[in-house]
Amino acid sequence: MPVKSQAKAQPTKSQAKVQSVNLEADSVSANLEPVFNKLIGFEESQKNRLIIVTGDKGGVGKSTFARGLLHTYQSRQESPIVFEADKSNPQVKRFYGNSGLTIEETDITNANKLDAFIDKLEVKVKDDNKKNFKENVKILMDLPAQSNRFFFEFIKDMNLFEILQERLKIRTTVVIVLSRVKDCIFQLESLYKIAGESVDYLIVKNGFFGEEEDFRRYNDSEIRKQIFEENNCICEISMPELIEHAFDYIDELTLTFDKAIQPGNRISVEARTKSWVRKFESAIQPALPLLRL
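Spelled out as structure tokens, the structure:
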């Protein structure tokens, strides 16, 4: 059974950032408000934030989201700590390894390296004397596809999210990038059974796979209904699609999004990427507290 959350009071305006968008979508339940692009149940309880980007099937767009988020951080003069966990297809390191960010590699299939990852987090969030906690530290971790079995075992064995909160003052956001297949729902179900209310959930519907109404499997799912009914923190957004020729051009030349919008590239790529960046930054607005922005 899923971890049962304790009853929570509805968040006040100071605790929750609520934006109402796309309310015409079908409800998953007659008793459930059809909420999209809203931050529900948010209450900031820790000084720092770990953002884990996952999507158990390859090709759902998780690394594209991570790269878009890194672009947004850098455009706001933020310097997140980045861990690249995708050994087979390390897109974050490939695109942002020379961008001025420090990107460290880790292996979530290796227990010793995962333990070392936790120890590194302690160093990142404490001052030089290891006595006081820093504030507003942002840590981004991009998980590889087909890695959830290893990572979920690690969560259970270590009581990971509880340790991060109690010992390191880190609250975790799990970003789940969705396509339209059932496996994405199974992934969320498995995570929720383990993590329950100990993490915040950011659901990203990748526009490459269709419009809002095309994500009916998720929209009508029992797990979505359960998270809302238990008033746990969940935010749902849609990631815009980047036209194929621009995506391929950026991939071929290994460009950050910032470099892709500079003069010297194909004009069509520059224009399409600028448009995508604007739409992406608009799309993540409701989730800014979960991303420490």
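Using UniProt numbering, read the sequence shown as starting at 1 and increasing by one per residue. Idealized CB from N, CA, C, for every residue including glycine.
Residue i versus residue j - alpha carbon distance
| i | j | result |
| --- | --- | --- |
| glutamine 46 | aspartate 258 | 31 Å |
| aspartate 200 | isoleucine 250 | 31 Å |
| isoleucine 284 | isoleucine 237 | 7 Å |
| proline 34 | leucine 202 | Only weak support is given to the placement of proline 34: the predicted model assigns it a pLDDT of 41, under 50, and the value that follows is read from those uncertain coordinates. Taking the straight line joining both Cα atoms gives about 16 Å. |
| arginine 278 | methionine 239 | 11 Å |
| lysine 274 | proline 263 | 11 Å |
| arginine 167 | isoleucine 40 | 26 Å |
| valine 181 | lysine 205 | 12 Å |
| glutamate 44 | asparagine 136 | 11 Å |
N-terminal and C-terminal residue of the alpha helix (DSSP H) that residue i is part of
| i | result |
| --- | --- |
| lysine 205 | No alpha helix (DSSP H) holds lysine 205; the beta strand (DSSP E) holding it covers 200-206. |
| phenylalanine 257 | 257-260 |
| valine 181 | Where valine 181 is concerned, there is no enclosing alpha helix (DSSP H), given that its DSSP letter is neither H nor E. |
| glutamate 222 | 222-229 |
| threonine 64 | 62-75 |
Residue span of the beta strand (DSSP E) that contains residue i, given as start and end
| i | result |
| --- | --- |
| glutamate 105 | 103-105 |
| valine 177 | 170-178 |
| arginine 94 | Run containing arginine 94: none in the beta strand (DSSP E); it sits in the alpha helix (DSSP H), 91-96. |
| leucine 293 | Taken as a continuous stretch (DSSP letters only), leucine 293 belongs to no beta strand (DSSP E), as it is neither H nor E. |
Spatially closest choice to residue i from the options, by CA coordinates
| i | options | result |
| --- | --- | --- |
| phenylalanine 280 | Leu39, Ala66, Thr54 and Glu43 | Ala66 |
| isoleucine 234 | Trp276, Leu290 and Phe209 | Leu290 |
| phenylalanine 228 | Leu242, Ile243, Thr254 and Gly196 | Gly196 |
| glutamate 105 | Phe117, Asn112, Ala111 and Ser99 | Phe117 |
| tryptophan 276 | Ile261, Phe161, Thr254 and Pro286 | Ile261 |
| threonine 64 | Lys87, Phe83 and Gln91 | Gln91 |
| alanine 271 | Ala111, His245 and Asp127 | His245 |
| serine 75 | Arg266, Ser268 and Thr256 | Thr256 |
| arginine 292 | Gln77, Gly61 and Lys62 | Gln77 |
The region 70-78 in contact with the region 91-105 per 3-pair CB rule at 8 Å | When C-beta atoms of the region 70-78 are compared with those of the region 91-105, three or more pairs fall below 8 Å, so the two segments count as touching.
Taking one C-beta from the region 217-227 and one from the region 183-195 each time, how about it: are there three or more such pairs within less than 8 Å?
-> Verdict: yes, contact present.
Contact between the region 46-55 and the region 162-172: three or more CB pairs below 8 Å?
-> Result yes; three or more Cβ-Cβ pairs closer than 8 Å.
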